[in-house]
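First to last, the sequence lines map onto chains A and B. One point on numbering: in this note's numbering, the residue at position 105 of the first sequence is 105, and numbering is uninterrupted. One point on numbering: in this note's numbering, the residue at position 265 of the second sequence is 265, and numbering is uninterrupted. Note that the Cβ used here is the ideal one computed from N, Cα and C, for glycine as well. This one's a predicted model, so the numbers in the text were calculated from it and none came from an experiment.
2 protein chains.
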Amino acid sequence: MLHVTFRQLKVFEAVARQLSFSRAAEELHLTQPAVSMQIKQLEESVGLPLFEQIGKKIFLTDAGNEVYRCSRNIAEQLSDAEAVLGEMKGLKRGKLNISVVSTANYFAPQLLASFCQRHENVTLSLKVVNREILLNQLANNEMDLAVMGLPPEGLDIIAEPFLANPLVVIAPPSHPLAAERSIPLTRLAQETFIVREQGSGTRSAMERFFAQHGLTLSTGMEMSTDEAIKQAVQAGMGLGVVSMLTLTLELETRRLTVLDVESFPIRRNWFVVHRKGKRLSAVAQAFKDFLLKEAEQMIVPD
Amino acid sequence: MLHVTFRQLKVFEAVARQLSFSRAAEELHLTQPAVSMQIKQLEESVGLPLFEQIGKKIFLTDAGNEVYRCSRNIAEQLSDAEAVLGEMKGLKRGKLNISVVSTANYFAPQLLASFCQRHENVTLSLKVVNREILLNQLANNEMDLAVMGLPPEGLDIIAEPFLANPLVVIAPPSHPLAAERSIPLTRLAQETFIVREQGSGTRSAMERFFAQHGLTLSTGMEMSTDEAIKQAVQAGMGLGVVSMLTLTLELETRRLTVLDVESFPIRRNWFVVHRKGKRLSAVAQAFKDFLLKEAEQMIVPD
DNA sequence: TTTAATGATAAGATTTTGCTTATCATTAAT
DNA sequence: ATTAATGATAAGCAAAATCTTATCATTAAA
């Protein structure tokens with residue numbers, strides 16, 4: 001099939017269906033010679049006659065039937081694709097790949113869920129990974145959008161804050177500082193902190209914060225999740241600094257308490273992030289808008 | 001998908017596969033801008049970006065993946081069709097619709113069978129009908145080739161003889177004339193004949209023959225098949241005129257005998273027939289050639 | 001910082017495509 | 001025998017498609 005064109009197939013389809021060159025010409029708003037020429041060219045590419053004329057009537061040859069079958073299949077493929085693409089444009093369908101940094105695990109699912117409720121036919125994939133891996137995924141364009149607390153500097157990145165992310169100091173309710181108010185920052189130097197691993201956003205923010213205030217902390221154990229930190233703090237192994245958003249349950253059940261330290265909470269934000277050249281799909285764009293407009297009030301209702 | 005072209009899909013496929021405009025350009029022996037332009041046009045028809053560029057690498061968008069899926073399907077359709085058509089051209093595959101007049105039933109199957117043995121993948125359909133129906137089918141282009149003893153005059157017909165079709169007078173072996181030699185034609189006037197129905201080729205040929213020799217026959221019963229005539233003749237109800245080719249079994253088993261009448265056998269032929277405008281497929285042409293070249297020696301071996 | 005590679009964009013030349021009008025040949029119907 | 005309809009063919013024209021060269025911007029690597 002060296003040089004078949006869609007035009008040829010379209011004209012051919014009309015002729016094969018009507019079994020008349022003239023009728024097909026009318027249907028396509030063409031003159032009859034135009035139709036004859038298209039068919040002739042198609043027959044030339046195919047290398048076999050597609051019609052035969054017996055008296056005044058025309059019939060499809062076997063080869064013609066084969067081409068007809070084929071052209072109908074192709075038309076179907078195209079219209080299927082057109083439908084799918086149309087839905088993609090219109091938000092009715094799409095895939096959404098989100099990666100979030102571990103800590104976001106405490107609120108991201110809620111956001112995704114309510115977004116999905118509004119948009120049927122959106123297939124969703126959420127990956128919860130640590131900051132390091134997320135940076136890697138970002139570099140390799142493995143997701144549509146990322147959610148993180150500390151956007152990287154180097155890469156060409158677009159990062160927009162959409163939710164407050166206060167970091168607070170936690171302690172077991174039995175801790176001596178639990179009852180105090182306006183604890184001076186320097187007081188913390190006497191305590192041991194259980195911290196996240198190097199490279200973690202929370203760890204970085206925390207270190208920078210204390211360094212800015214001229215403090216050096218004694219860090220005890222390193223944990224790879226906030227959950228682990230909370231458990232260790234509960235067990236009395238030291239204090240911790242975590243995002244406020246991760247504490248809902250523990251505060252309610254009074255397993256942990258937030259210390260009233262001066263200059264705290266550390267004011268940070270959650271960012272929705274993607275690389276600069278990224279072509280956001282309709283769905284991705286919609287989700288981003290959703291985060292920017294509605295996340296705050298969903299997570300921290302008035 | 002208003003105006004997608006095969007060219008666009010072809011170029012797109014190469015880019016999507018290589019994930020590089022420049023590589024695709026090399027593969028297609030084009031310059032890189034040519035590729036960029038084709039893609040741009042395709043994206044315009046589709047209405048969505050198909051690629052995204054993140055740094056130096058390009059990736060398919062979701063829409064791009066959909067178009068890729070579609071373009072591969074289309075390519076597959078085309079190559080399937082190309083394969084089938086190629087086989088049609090090369091005789092490796094094809095359909096063959098043959099209609100034969102009732103009498104040919106005695107030898108046509110044998111010919112078709114041996115033709116099919118040589119050509120695997122040829123689908124065959126044989127219709128055995130009376131002359132009247134066959135003429136109708138011919139007018140409506142319902143078959144590729146027909147086999148008959150008396151091609152019609154009116155229609156634009158191409159008819160070529162490929163096999164001798166001698167008509168002989170048959171009688172039961174017990175008939176008084178069975179033992180005689182060189183029976184004068186006029187002697188037959190005293191006999192009763194069992195004949196085929198009006199419109200039958202054999203009947204026409206027979207009537208014309210006797211008319212030419214100035215004889216009028218007394219016709220008895222009319223039968224619609226040669227088989228019925230043979231049965232009736234065996235039963236002693238009269239003489240018959242049939243094609244020699246139908247008699248193999250009856251002669252061998254001595255149920256019937258051929259009378260040695262002057263001027264007999266009536267010399268006729270079997271014709272392979274199709275309408276003038278007919279586009280013979282490769283298979284049909286091959287079968288026609290086969291009949292013209294080999295039928296005689298297959299049916300009447302030396 | 002420089003260099004090499006990648007893709008986008010613009011301008012322009014050329015080829016191809018697709019169409020129309022005019023005319024002819026064949027066929028079926030009147 | 002005429003007539004009406006169908007498709008084929010030829011000539012000519014306008015639009016488009018396609019490609020190339022030249023140049024630029026961006027990015028990653030040396």
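If contact means a Cβ-Cβ distance below 8 Å, which residues of the segment 64 to 78 of chain B contact chain A? 66, 67, 69, 70, 73, 74, 77, 78
Taking only beta-carbon atoms, is residue 10(B) less than 7 Å away from chain A? no
So, for residue 71(A): in the same chain, excluding its five sequence neighbours on each side, which residues have a beta-carbon less than 7 Å away from its beta-carbon? Counting only residues of its own chain and dropping the five nearest sequence neighbours on each side, residue 71(A) has a CB closer than 7 Å to the CB of 9, 12, 13.
CB contact check: residue 85(A) to chain B, cutoff 7 Å: yes
Pick from 283(B), 151(B), 293(B), 104(B) that is closest to residue 246(B), judged by C-alpha positions: 104(B)
Determine the chain A residues that contact residue 130(B) at a beta-carbon separation under 9 Å, and present them in chain order. The contacting residues do not exist; residue 130(B) stays about 22 Å from chain A at best.
Rounded separation between residue 128(A) and residue 85(A) - CA only: A straight line joining the alpha-carbon of residue 128(A) with that of residue 85(A) spans about 29 Å.
Just how far apart, CA to CA, sit residue 248(B) and residue 46(A)? 47 Å
What residue ranges within the segment 209 to 284 of chain A form continuous alpha helix (DSSP H) runs of no fewer than 4 residues, ordered along the chain? 226 to 234, 248 to 252
Uninterrupted alpha helix (DSSP H) stretches inside the segment 118 to 144 of chain A (no shorter than 4 residues): Runs found: 131 to 139.
Between the Cα of residue 189(B) and the Cα atoms of 149(B), 240(B), 295(B), which residue gives the shortest distance? 240(B)
When burial is assigned at 16 or more other CB atoms within 10 Å of the CB, is residue 184(B) buried or exposed? Answer is exposed; the Cβ neighbour count stays below 16.
For residue 315(B), tell me which candidate among 192(B), 199(B), 235(B) has the shortest Cα-Cα distance. Here chain B has residues from 1 to 302 only, and residue 315(B) is not among them.
Taking the alpha carbon of residue 57(A) as the reference point, which residue from 37(A), 49(A), 21(A) has its own alpha carbon closest? 21(A)
Check the Cβ-Cβ distances between residue 90(B) and every residue of chain A, and say whether any is below 7 Å. It does not; no Cβ of chain A falls within 7 Å.
What do you get for residue 33(B), buried or exposed, if any count of 16 or more other CB atoms within 10 angstroms of its CB means buried? exposed
First and last residue of the uninterrupted beta strand (DSSP E) at residue 169(B): Unbroken beta strand (DSSP E) run through residue 169(B): 167 to 171.
Taking Cβ positions, are residue 102(A) and residue 130(A) nearer each other than 7 Å? yes
DSSP three-state assignment for residue 42(A), whether helix, strand or coil: helix
Neighbouring residues, chain A, relative to residue 95(B) (Cβ below 8 Å): 62
Is there at least one Cβ from chain A nearer than 7 Å to residue 141(B)'s Cβ? yes
Using a threshold of 7 Å, state whether the C-beta atoms of residue 52(A) and residue 279(B) are closer than that. yes
Beta-bridge partners of residue 99(B), as assigned by DSSP: Within the DSSP bridge table, the entry for residue 99(B) names 127(B), 146(B) as partners.
I'd like to know if residue 279(B) contacts chain A, where contact means its C-beta is closer than 7 Å to some C-beta of that chain. yes
Quick one: measure Cβ to Cβ for residue 257(B) and residue 178(B), integer angstroms, because I've assumed they're closer than 8 Å. 5 Å
So with Cβ pairs under 7 Å, would you call residue 275(B) a contact of chain A? yes
Local conformation of residue 163(A) per DSSP, three classes: Here residue 163(A) sits in strand by DSSP.
Take residue 166(A) as the anchor and find which of 140(A), 244(A), 223(A), 195(A) has the nearest alpha-carbon. Out of 140(A), 244(A), 223(A), 195(A), 244(A) has the C-alpha closest to the C-alpha of residue 166(A).
So the alpha helix (DSSP H) residue 197(A) belongs to, where does it begin and stop? Where residue 197(A) is concerned, there is no enclosing alpha helix (DSSP H), given that its DSSP letter is neither H nor E.
What residues in its chain sit with their C-beta under 8 Å from that of residue 27(A), if we drop five residues either side in the sequence? Result list for residue 27(A): 14, 18, in chain order.
Sub-7 Å separation of residue 276(A) and residue 156(A) beta-carbons: yes
Could you name the residues of the same chain whose beta carbon sits closer than 8 Å to that of residue 125(B), not counting the 5 residues immediately before and after it, in chain order? 95, 96, 97, 98
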